[in-house]
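These notes concern the structure reproduced below.
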Amino acid sequence: MAKTKTAFFCSSCGNESPKWLGRCPACGEWNTYVEEVTAREPKGNRVSFSTRPGGRHEAARPVVLSEIEQTDLLRIDMHYAEVNRVLGGGLVPGSLVLLGGEPGIGKSTLSLQLALQAKSLKILYVSGEESPQQIKIRAERLQERNDNCFILSETSLEAILDQMRRLNPQMVVIDSIQTLYTESIDSSPGGIAQIRECAALLLRYAKETLTPVFIIGHITKDGTIAGPKILEHIVDVVLQFEGDPNNIYRLLRSIKNRFGATSEIGVFEMRNEGLVEVANPSEILLSHYDEPLSGIAVGATIDGVRPYLIETQALAGGSAYGTPQRTATGFDIKRLSMLLAVIEKHLNIRMSAKDVFLNIAGGFKVSDPGLDMAVVAALLSSALDVPIAPDLCFAGEIGLSGEVRPASRTEARIGEASRLGFKKIVVSSYVRKALEKRSRPIEIIYVGRVEELVRKIFS
(Lines of atoms letter the chains of each structure in order from A and count residues from 1; the text may use other names and numbers.)
(Lines give C-alpha, C1' and ligand atoms only; values in the text may rest on other atoms or scores of the structure.)
Protein backbone atom coordinates (compact mmCIF):
# COMPACT_ATOMS: atom_id res chain seq x y z
CA MET A 1 0.00 0.00 0.00
CA ALA A 2 1.27 3.49 -0.84
CA LYS A 3 2.53 5.51 2.10
CA THR A 4 0.25 8.34 3.14
CA LYS A 5 1.82 11.77 3.27
CA THR A 6 0.79 15.38 3.68
CA ALA A 7 1.55 17.99 1.04
CA PHE A 8 0.67 21.61 0.37
CA PHE A 9 -0.80 22.71 -2.97
CA CYS A 10 -1.23 26.17 -4.46
CA SER A 11 -4.91 26.72 -5.19
CA SER A 12 -3.99 29.09 -8.04
CA CYS A 13 -1.52 27.05 -10.11
CA GLY A 14 -1.42 23.64 -8.39
CA ASN A 15 2.25 23.82 -7.42
CA GLU A 16 3.15 21.28 -4.73
CA SER A 17 5.34 21.97 -1.70
CA PRO A 18 6.31 19.81 1.31
CA LYS A 19 5.64 22.74 3.65
CA TRP A 20 3.38 25.80 3.79
CA LEU A 21 4.59 28.87 1.92
CA GLY A 22 3.26 32.39 2.15
CA ARG A 23 4.03 33.16 -1.49
CA CYS A 24 3.89 30.61 -4.30
CA PRO A 25 7.27 30.44 -6.10
CA ALA A 26 5.58 29.29 -9.33
CA CYS A 27 2.81 31.87 -9.87
CA GLY A 28 3.69 34.52 -7.29
CA GLU A 29 0.28 34.53 -5.55
CA TRP A 30 0.07 35.05 -1.79
CA ASN A 31 -1.71 32.85 0.79
CA THR A 32 -2.87 30.25 -1.72
CA TYR A 33 -1.33 27.09 -0.21
CA VAL A 34 -3.69 24.54 1.32
CA GLU A 35 -2.81 21.27 3.02
CA GLU A 36 -4.05 17.95 1.66
CA VAL A 37 -3.42 14.32 2.53
CA THR A 38 -2.12 12.44 -0.49
CA ALA A 39 -1.26 8.83 -1.29
CA ARG A 40 0.38 8.23 -4.63
CA GLU A 41 -0.14 5.05 -6.58
CA PRO A 42 3.10 3.11 -7.27
CA LYS A 43 4.56 4.15 -10.62
CA GLY A 44 4.61 0.58 -11.84
CA ASN A 45 0.81 0.42 -11.83
CA ARG A 46 0.34 2.88 -14.69
CA VAL A 47 -3.19 2.75 -16.07
CA SER A 48 -3.41 2.01 -19.80
CA PHE A 49 -6.43 2.55 -22.00
CA SER A 50 -4.89 0.96 -25.07
CA THR A 51 -7.09 -1.43 -27.02
CA ARG A 52 -4.12 -3.45 -28.27
CA PRO A 53 -3.90 -7.15 -27.31
CA GLY A 54 -2.63 -7.47 -23.78
CA GLY A 55 -3.40 -3.79 -23.11
CA ARG A 56 0.27 -2.82 -23.21
CA HIS A 57 1.23 0.78 -23.60
CA GLU A 58 3.67 1.39 -26.44
CA ALA A 59 6.35 3.95 -25.68
CA ALA A 60 6.43 6.96 -28.00
CA ARG A 61 9.48 7.59 -30.15
CA PRO A 62 10.79 10.91 -31.46
CA VAL A 63 9.91 11.75 -35.06
CA VAL A 64 11.41 14.35 -37.38
CA LEU A 65 8.95 17.15 -38.09
CA SER A 66 9.17 16.63 -41.85
CA GLU A 67 8.16 12.96 -41.45
CA ILE A 68 4.88 13.77 -39.73
CA GLU A 69 1.91 13.39 -42.08
CA GLN A 70 -0.43 16.34 -42.04
CA THR A 71 -4.07 15.25 -41.98
CA ASP A 72 -7.25 17.28 -41.80
CA LEU A 73 -9.01 17.18 -38.44
CA LEU A 74 -12.23 15.19 -38.80
CA ARG A 75 -14.56 17.14 -36.56
CA ILE A 76 -17.73 15.76 -35.03
CA ASP A 77 -20.92 17.69 -35.76
CA MET A 78 -22.61 18.66 -32.47
CA HIS A 79 -25.93 19.47 -34.27
CA TYR A 80 -25.85 23.01 -32.84
CA ALA A 81 -24.44 25.65 -35.17
CA GLU A 82 -23.60 27.94 -32.23
CA VAL A 83 -21.62 25.21 -30.45
CA ASN A 84 -19.83 24.22 -33.67
CA ARG A 85 -18.92 27.88 -34.23
CA VAL A 86 -17.36 28.24 -30.76
CA LEU A 87 -15.48 24.92 -31.08
CA GLY A 88 -14.02 26.02 -34.41
CA GLY A 89 -16.15 23.87 -36.71
CA GLY A 90 -17.05 20.90 -34.52
CA LEU A 91 -15.68 18.63 -31.82
CA VAL A 92 -12.21 17.16 -32.43
CA PRO A 93 -11.80 13.44 -31.60
CA GLY A 94 -9.60 12.90 -28.56
CA SER A 95 -10.09 16.42 -27.23
CA LEU A 96 -10.77 17.31 -23.59
CA VAL A 97 -13.28 20.17 -23.26
CA LEU A 98 -13.92 22.05 -20.00
CA LEU A 99 -17.25 23.88 -19.64
CA GLY A 100 -17.51 26.39 -16.77
CA GLY A 101 -20.20 28.73 -15.57
CA GLU A 102 -22.14 30.03 -12.58
CA PRO A 103 -24.62 27.79 -10.72
CA GLY A 104 -27.99 27.63 -12.46
CA ILE A 105 -26.72 29.17 -15.71
CA GLY A 106 -27.50 26.00 -17.71
CA LYS A 107 -24.26 23.98 -17.92
CA SER A 108 -25.92 20.63 -17.21
CA THR A 109 -28.82 21.47 -19.52
CA LEU A 110 -26.48 22.33 -22.38
CA SER A 111 -24.33 19.22 -21.91
CA LEU A 112 -27.39 16.95 -21.74
CA GLN A 113 -28.85 18.56 -24.87
CA LEU A 114 -25.58 17.94 -26.71
CA ALA A 115 -25.62 14.30 -25.60
CA LEU A 116 -29.24 13.78 -26.64
CA GLN A 117 -28.86 15.52 -30.00
CA ALA A 118 -25.87 13.43 -31.13
CA LYS A 119 -28.01 10.41 -32.00
CA SER A 120 -25.40 8.88 -34.30
CA LEU A 121 -22.86 8.53 -31.46
CA LYS A 122 -22.68 6.19 -28.50
CA ILE A 123 -22.50 8.55 -25.53
CA LEU A 124 -21.79 7.97 -21.85
CA TYR A 125 -23.23 10.69 -19.62
CA VAL A 126 -21.68 10.52 -16.14
CA SER A 127 -23.27 12.52 -13.34
CA GLY A 128 -21.84 12.78 -9.86
CA GLU A 129 -24.46 15.31 -8.75
CA GLU A 130 -27.77 13.86 -9.95
CA SER A 131 -29.46 10.49 -9.93
CA PRO A 132 -30.59 8.81 -13.18
CA GLN A 133 -34.18 9.67 -12.25
CA GLN A 134 -33.35 13.38 -12.03
CA ILE A 135 -31.61 13.27 -15.41
CA LYS A 136 -34.66 11.48 -16.84
CA ILE A 137 -36.91 14.32 -15.60
CA ARG A 138 -34.69 16.90 -17.32
CA ALA A 139 -34.63 14.89 -20.54
CA GLU A 140 -38.44 14.72 -20.53
CA ARG A 141 -38.58 18.49 -20.13
CA LEU A 142 -36.17 18.91 -23.04
CA GLN A 143 -38.43 16.64 -25.14
CA GLU A 144 -35.41 14.82 -26.54
CA ARG A 145 -34.66 11.10 -26.77
CA ASN A 146 -31.51 9.21 -27.69
CA ASP A 147 -31.30 5.43 -27.33
CA ASN A 148 -27.51 5.63 -27.73
CA CYS A 149 -27.09 7.81 -24.63
CA PHE A 150 -26.15 5.82 -21.51
CA ILE A 151 -26.52 7.39 -18.05
CA LEU A 152 -24.14 6.57 -15.19
CA SER A 153 -24.40 8.02 -11.70
CA GLU A 154 -20.94 7.52 -10.21
CA THR A 155 -18.15 9.51 -8.55
CA SER A 156 -15.32 6.97 -8.42
CA LEU A 157 -13.03 7.56 -11.39
CA GLU A 158 -11.81 3.95 -11.36
CA ALA A 159 -15.42 2.70 -11.65
CA ILE A 160 -16.12 5.23 -14.43
CA LEU A 161 -13.03 4.18 -16.40
CA ASP A 162 -14.04 0.53 -16.02
CA GLN A 163 -17.46 1.31 -17.55
CA MET A 164 -15.75 3.24 -20.34
CA ARG A 165 -13.65 0.20 -21.22
CA ARG A 166 -16.76 -2.01 -21.31
CA LEU A 167 -19.02 0.38 -23.21
CA ASN A 168 -16.37 1.90 -25.51
CA PRO A 169 -18.34 5.17 -26.01
CA GLN A 170 -17.72 7.66 -28.81
CA MET A 171 -18.19 10.67 -26.50
CA VAL A 172 -18.14 11.09 -22.71
CA VAL A 173 -19.74 13.84 -20.60
CA ILE A 174 -18.62 14.30 -16.98
CA ASP A 175 -20.83 16.37 -14.65
CA SER A 176 -18.80 17.54 -12.82
CA ILE A 177 -15.02 17.23 -12.33
CA GLN A 178 -15.29 18.51 -8.73
CA THR A 179 -17.39 15.48 -7.69
CA LEU A 180 -14.93 12.84 -8.94
CA TYR A 181 -12.25 11.16 -6.86
CA THR A 182 -9.53 8.64 -7.54
CA GLU A 183 -8.46 6.03 -5.00
CA SER A 184 -4.80 6.81 -5.67
CA ILE A 185 -5.25 10.14 -3.82
CA ASP A 186 -6.32 9.95 -0.18
CA SER A 187 -8.25 13.22 -0.02
CA SER A 188 -11.83 14.37 -0.40
CA PRO A 189 -13.44 15.05 -3.83
CA GLY A 190 -13.02 18.59 -5.08
CA GLY A 191 -9.54 18.97 -3.62
CA ILE A 192 -6.68 20.32 -5.69
CA ALA A 193 -4.86 17.00 -5.87
CA GLN A 194 -8.06 15.09 -6.76
CA ILE A 195 -9.05 17.48 -9.55
CA ARG A 196 -5.54 17.44 -11.02
CA GLU A 197 -5.23 13.64 -11.00
CA CYS A 198 -8.75 13.03 -12.33
CA ALA A 199 -8.25 15.54 -15.15
CA ALA A 200 -4.89 13.98 -16.07
CA LEU A 201 -6.40 10.47 -16.24
CA LEU A 202 -9.33 11.69 -18.35
CA LEU A 203 -6.91 13.47 -20.68
CA ARG A 204 -4.88 10.29 -21.14
CA TYR A 205 -8.04 8.30 -21.80
CA ALA A 206 -9.17 10.85 -24.41
CA LYS A 207 -5.81 10.89 -26.22
CA GLU A 208 -5.21 7.12 -26.20
CA THR A 209 -8.72 6.17 -27.33
CA LEU A 210 -9.45 9.29 -29.47
CA THR A 211 -12.68 9.76 -27.52
CA PRO A 212 -13.78 13.37 -26.93
CA VAL A 213 -14.55 14.12 -23.28
CA PHE A 214 -16.70 16.99 -21.99
CA ILE A 215 -16.14 17.90 -18.34
CA ILE A 216 -18.20 20.46 -16.44
CA GLY A 217 -16.40 22.64 -13.88
CA HIS A 218 -17.74 24.74 -11.04
CA ILE A 219 -16.58 28.32 -10.60
CA THR A 220 -15.62 30.25 -7.50
CA LYS A 221 -17.24 33.42 -6.16
CA ASP A 222 -14.75 35.57 -8.11
CA GLY A 223 -15.78 33.95 -11.42
CA THR A 224 -12.79 31.64 -11.96
CA ILE A 225 -13.03 27.88 -12.47
CA ALA A 226 -12.68 26.08 -9.14
CA GLY A 227 -9.57 24.00 -8.59
CA PRO A 228 -5.96 24.50 -9.60
CA LYS A 229 -5.13 26.72 -12.55
CA ILE A 230 -3.33 23.74 -14.06
CA LEU A 231 -6.78 22.29 -14.86
CA GLU A 232 -7.20 24.90 -17.60
CA HIS A 233 -3.71 24.12 -18.89
CA ILE A 234 -4.43 20.37 -19.08
CA VAL A 235 -7.57 20.58 -21.18
CA ASP A 236 -7.66 21.37 -24.91
CA VAL A 237 -10.68 23.70 -24.88
CA VAL A 238 -12.09 25.95 -22.15
CA LEU A 239 -15.64 27.21 -22.68
CA GLN A 240 -17.34 29.76 -20.44
CA PHE A 241 -21.14 29.80 -20.20
CA GLU A 242 -22.19 33.33 -19.25
CA GLY A 243 -25.37 35.27 -18.69
CA ASP A 244 -27.62 36.91 -16.14
CA PRO A 245 -29.75 34.27 -14.34
CA ASN A 246 -32.59 36.81 -14.37
CA ASN A 247 -32.36 37.12 -18.16
CA ILE A 248 -33.17 34.55 -20.83
CA TYR A 249 -30.05 34.98 -22.97
CA ARG A 250 -26.83 33.01 -22.52
CA LEU A 251 -23.39 33.41 -24.13
CA LEU A 252 -21.08 30.47 -24.81
CA ARG A 253 -17.58 31.94 -25.02
CA SER A 254 -14.32 30.25 -25.98
CA ILE A 255 -11.55 31.10 -23.49
CA LYS A 256 -8.99 28.62 -24.82
CA ASN A 257 -9.06 26.50 -27.97
CA ARG A 258 -6.14 24.51 -29.33
CA PHE A 259 -8.11 23.67 -32.48
CA GLY A 260 -9.66 27.03 -33.37
CA ALA A 261 -10.05 30.71 -32.59
CA THR A 262 -10.69 31.98 -29.07
CA SER A 263 -12.73 34.97 -30.21
CA GLU A 264 -16.00 33.22 -31.09
CA ILE A 265 -19.24 33.36 -29.12
CA GLY A 266 -22.51 31.43 -29.35
CA VAL A 267 -25.84 32.91 -28.26
CA PHE A 268 -28.63 30.85 -26.69
CA GLU A 269 -32.05 31.60 -25.29
CA MET A 270 -33.24 29.76 -22.17
CA ARG A 271 -36.80 28.51 -22.51
CA ASN A 272 -38.97 25.96 -20.73
CA GLU A 273 -37.96 23.32 -23.27
CA GLY A 274 -34.25 24.03 -22.81
CA LEU A 275 -31.65 26.12 -24.59
CA VAL A 276 -32.52 27.36 -28.08
CA GLU A 277 -29.97 28.75 -30.53
CA VAL A 278 -30.13 32.43 -31.48
CA ALA A 279 -28.82 32.58 -35.04
CA ASN A 280 -29.27 36.36 -35.37
CA PRO A 281 -28.66 38.18 -32.06
CA SER A 282 -29.16 41.62 -33.62
CA GLU A 283 -32.86 41.06 -34.29
CA ILE A 284 -33.67 40.13 -30.69
CA LEU A 285 -31.62 43.00 -29.23
CA LEU A 286 -33.38 45.71 -31.22
CA SER A 287 -36.77 47.01 -30.14
CA HIS A 288 -39.39 48.35 -32.53
CA TYR A 289 -41.40 51.40 -31.50
CA ASP A 290 -44.49 53.00 -33.02
CA GLU A 291 -42.78 56.39 -32.87
CA PRO A 292 -39.19 57.60 -32.26
CA LEU A 293 -38.28 58.02 -28.59
CA SER A 294 -35.55 60.17 -27.08
CA GLY A 295 -32.68 58.56 -25.22
CA ILE A 296 -32.39 55.53 -27.53
CA ALA A 297 -29.52 54.86 -29.94
CA VAL A 298 -28.48 51.72 -31.80
CA GLY A 299 -24.79 50.79 -31.77
CA ALA A 300 -22.88 48.31 -33.90
CA THR A 301 -20.66 46.30 -31.56
CA ILE A 302 -18.44 43.24 -31.83
CA ASP A 303 -17.94 40.44 -29.33
CA GLY A 304 -14.97 38.35 -30.39
CA VAL A 305 -15.30 38.23 -34.15
CA ARG A 306 -19.09 38.35 -34.25
CA PRO A 307 -20.74 41.71 -35.07
CA TYR A 308 -24.25 42.52 -33.92
CA LEU A 309 -26.41 45.57 -33.27
CA ILE A 310 -27.56 46.45 -29.78
CA GLU A 311 -29.79 49.12 -28.34
CA THR A 312 -28.48 51.59 -25.76
CA GLN A 313 -31.01 53.37 -23.56
CA ALA A 314 -30.15 56.52 -21.61
CA LEU A 315 -32.01 58.81 -19.24
CA ALA A 316 -30.53 62.16 -18.20
CA GLY A 317 -32.65 64.40 -15.99
CA GLY A 318 -32.37 66.94 -13.21
CA SER A 319 -31.02 65.68 -9.93
CA ALA A 320 -33.43 65.69 -7.01
CA TYR A 321 -30.63 65.24 -4.48
CA GLY A 322 -27.37 67.02 -3.80
CA THR A 323 -25.23 64.36 -5.46
CA PRO A 324 -26.28 63.24 -8.99
CA GLN A 325 -26.70 59.50 -9.48
CA ARG A 326 -24.71 57.47 -12.01
CA THR A 327 -26.11 54.03 -12.84
CA ALA A 328 -25.09 51.75 -15.70
CA THR A 329 -26.43 48.29 -16.49
CA GLY A 330 -24.32 46.23 -18.89
CA PHE A 331 -21.75 49.01 -19.35
CA ASP A 332 -18.63 50.07 -17.43
CA ILE A 333 -19.61 52.81 -14.98
CA LYS A 334 -16.11 54.33 -15.11
CA ARG A 335 -16.26 54.63 -18.89
CA LEU A 336 -19.70 56.21 -18.58
CA SER A 337 -18.22 58.84 -16.24
CA MET A 338 -15.47 59.51 -18.78
CA LEU A 339 -17.97 60.01 -21.61
CA LEU A 340 -20.05 62.37 -19.44
CA ALA A 341 -16.91 64.42 -18.74
CA VAL A 342 -16.17 64.62 -22.49
CA ILE A 343 -19.72 65.84 -23.18
CA GLU A 344 -19.50 68.51 -20.51
CA LYS A 345 -16.03 69.66 -21.54
CA HIS A 346 -16.44 69.86 -25.32
CA LEU A 347 -20.20 70.44 -25.75
CA ASN A 348 -20.84 72.71 -22.75
CA ILE A 349 -23.77 70.58 -21.66
CA ARG A 350 -23.84 70.42 -17.86
CA MET A 351 -24.13 66.70 -17.20
CA SER A 352 -22.65 66.96 -13.70
CA ALA A 353 -25.95 68.33 -12.41
CA LYS A 354 -28.06 65.53 -13.95
CA ASP A 355 -28.96 62.03 -12.82
CA VAL A 356 -27.77 59.65 -15.54
CA PHE A 357 -29.03 56.12 -16.08
CA LEU A 358 -27.72 53.87 -18.85
CA ASN A 359 -28.98 50.45 -19.87
CA ILE A 360 -27.81 47.98 -22.51
CA ALA A 361 -30.85 46.15 -23.90
CA GLY A 362 -31.24 42.40 -23.50
CA GLY A 363 -29.22 42.13 -20.30
CA PHE A 364 -25.95 41.93 -22.26
CA LYS A 365 -22.66 43.21 -20.85
CA VAL A 366 -20.64 45.14 -23.42
CA SER A 367 -16.99 46.15 -23.02
CA ASP A 368 -16.41 47.16 -26.64
CA PRO A 369 -15.14 50.79 -26.86
CA GLY A 370 -16.69 50.95 -30.34
CA LEU A 371 -20.05 51.44 -28.60
CA ASP A 372 -18.96 54.81 -27.15
CA MET A 373 -20.57 56.90 -29.88
CA ALA A 374 -23.92 55.14 -29.45
CA VAL A 375 -23.80 55.80 -25.69
CA VAL A 376 -22.96 59.49 -26.24
CA ALA A 377 -25.73 59.79 -28.83
CA ALA A 378 -28.26 58.26 -26.44
CA LEU A 379 -27.17 60.59 -23.62
CA LEU A 380 -27.41 63.67 -25.87
CA SER A 381 -30.78 62.53 -27.19
CA SER A 382 -32.14 62.27 -23.64
CA ALA A 383 -30.54 65.52 -22.42
CA LEU A 384 -31.80 67.50 -25.45
CA ASP A 385 -35.07 65.52 -25.63
CA VAL A 386 -34.57 64.97 -29.36
CA PRO A 387 -35.24 61.47 -30.80
CA ILE A 388 -32.71 59.85 -33.10
CA ALA A 389 -33.86 58.62 -36.49
CA PRO A 390 -34.80 54.90 -36.22
CA ASP A 391 -32.81 54.00 -39.37
CA LEU A 392 -29.52 55.37 -37.96
CA CYS A 393 -26.83 53.49 -36.00
CA PHE A 394 -23.38 54.31 -34.62
CA ALA A 395 -19.91 52.74 -34.50
CA GLY A 396 -17.00 54.66 -33.04
CA GLU A 397 -14.79 55.18 -30.00
CA ILE A 398 -14.67 58.51 -28.16
CA GLY A 399 -11.32 59.85 -26.97
CA LEU A 400 -10.63 62.17 -24.05
CA SER A 401 -9.99 65.09 -26.41
CA GLY A 402 -13.44 64.67 -27.95
CA GLU A 403 -12.15 63.00 -31.10
CA VAL A 404 -14.05 60.11 -32.66
CA ARG A 405 -11.64 57.22 -33.13
CA PRO A 406 -12.33 54.33 -35.53
CA ALA A 407 -13.89 51.20 -34.05
CA SER A 408 -12.18 47.87 -34.68
CA ARG A 409 -13.45 45.97 -37.75
CA THR A 410 -15.61 48.85 -38.94
CA GLU A 411 -16.32 47.02 -42.22
CA ALA A 412 -18.02 44.15 -40.37
CA ARG A 413 -20.13 46.56 -38.32
CA ILE A 414 -21.27 48.40 -41.44
CA GLY A 415 -22.15 45.11 -43.13
CA GLU A 416 -24.28 44.01 -40.15
CA ALA A 417 -26.13 47.34 -40.10
CA SER A 418 -26.76 47.16 -43.83
CA ARG A 419 -28.01 43.57 -43.58
CA LEU A 420 -30.61 44.56 -40.99
CA GLY A 421 -32.01 47.37 -43.14
CA PHE A 422 -30.44 50.46 -41.56
CA LYS A 423 -30.14 53.38 -43.98
CA LYS A 424 -27.33 55.34 -42.27
CA ILE A 425 -24.39 54.63 -40.00
CA VAL A 426 -22.10 57.13 -38.27
CA VAL A 427 -18.41 56.20 -38.15
CA SER A 428 -15.07 57.93 -37.58
CA SER A 429 -13.75 60.12 -40.39
CA TYR A 430 -10.32 58.48 -39.94
CA VAL A 431 -11.53 55.46 -41.95
CA ARG A 432 -12.95 57.50 -44.86
CA LYS A 433 -10.16 56.57 -47.29
CA ALA A 434 -10.50 52.85 -46.60
CA LEU A 435 -14.30 52.83 -46.85
CA GLU A 436 -14.73 55.04 -49.95
CA LYS A 437 -13.09 52.43 -52.18
CA ARG A 438 -16.39 50.56 -52.69
CA SER A 439 -20.06 51.49 -52.85
CA ARG A 440 -22.55 50.24 -50.26
CA PRO A 441 -26.34 50.23 -49.95
CA ILE A 442 -26.04 52.13 -46.65
CA GLU A 443 -25.13 55.82 -46.29
CA ILE A 444 -21.99 56.42 -44.24
CA ILE A 445 -21.76 59.60 -42.19
CA TYR A 446 -18.22 60.57 -41.15
CA VAL A 447 -17.53 62.56 -37.98
CA GLY A 448 -14.16 63.47 -36.49
CA ARG A 449 -15.25 65.07 -33.20
CA VAL A 450 -18.24 65.03 -30.87
CA GLU A 451 -19.09 68.59 -31.96
CA GLU A 452 -19.63 67.28 -35.51
CA LEU A 453 -21.82 64.50 -34.12
CA VAL A 454 -24.20 67.09 -32.59
CA ARG A 455 -24.32 69.18 -35.76
CA LYS A 456 -24.99 66.27 -38.12
CA ILE A 457 -27.39 64.27 -35.96
CA PHE A 458 -29.27 66.83 -33.82
CA SER A 459 -29.23 69.88 -36.11
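Counted the way my numbering counts, the sequence shown spans residues 942 to 1400.
Using N, Cα and C, we set each Cβ at its ideal position, and we do this for glycine too.
Here the structure is a predicted model, which is why all the values come from computation and not from measurement.
Check, Outcome
"Segment contact flag, the stretch 1364-1374 with the stretch 1276-1294, C-beta cutoff 8 angstroms, min 3 pairs", "no"
"Tyr-1371, DSSP secondary structure in three states", "helix"
"Ala-1269 and Leu-1299 closer than 8 angstroms at C-beta", "yes"
"Beta-carbon contacts of Ala-1255 that lie in its chain and below 6 angstroms, excluding the five residues immediately before and after", "Gly-1236, Leu-1299, Ala-1319, Leu-1320, Ser-1323"
"Cutoff 6 angstroms; reference Ile-1196; Cβ partners in own chain excluding five residues on either side", "Val-1179, Gln-1181"
"Beta-ladder partner(s) of Gln-1254, from DSSP", "Ile-1237, Asn-1300"
"One or two residues paired with Thr-973 in a DSSP bridge", "DSSP lists no partner for Thr-973."
"Proximity below 8 angstroms, CB of Ser-1117 to CB of Glu-1043", "no"
"8 angstroms Cβ cutoff met for Pro-1347 and Ser-1369", "yes"
"Length at least 3, wholly inside the stretch 1081-1123: the beta strand (DSSP E) runs in chain order", "1090-1094, 1112-1116"
"C-alpha gap between Gly-1031 and Ile-1189, whole angstroms", "25 angstroms"
"Cβ neighbour criterion (16 or more within 10 Å) applied to Phe-1305", "buried"
"Boundaries of the alpha helix (DSSP H) in which Thr-1351 is found, first to last residue", "1351-1360"
"Candidates Phe-1272, Met-1314, Gly-1303, Gly-1258: closest to Ser-1293 by CA position", "Gly-1258"
"Complete beta strand (DSSP E) runs within the stretch 1311-1346 (minimum length 3 residues, chain order)", "1333-1335"
"Collapsed DSSP secondary structure at Glu-1205 in the structure displayed", "coil"
"Between the CA atoms of Glu-1099 and Leu-1144 - distance to the nearest angstrom", "14 angstroms"
"Closest by C-alpha distance to Gln-1111, when choosing among Leu-1312, Ala-1220, Arg-1016, Leu-1083", "Arg-1016"
"Classification of Pro-1354 by the beta-carbon crowding that lies within 10 angstroms, buried from 16 upward", "According to the sequence provided, residue 1354 is Arg. The question's Pro does not apply to it. Arg-1354 is buried by the Cβ-count criterion."
"Residue range of the unbroken beta strand (DSSP E) whose run includes Ile-1157", "1154-1158"
"Cβ-based burial, Thr-1165 [other Cβ within 10 Å; buried from 16]", "exposed"
"Option in Arg-1194, His-1159, Gly-1131, Thr-1123 with minimal Cα separation from Leu-1142", "Thr-1123"
"Whether Glu-1205 touches Arg-1267 by CB criterion (8 angstroms)", "no"
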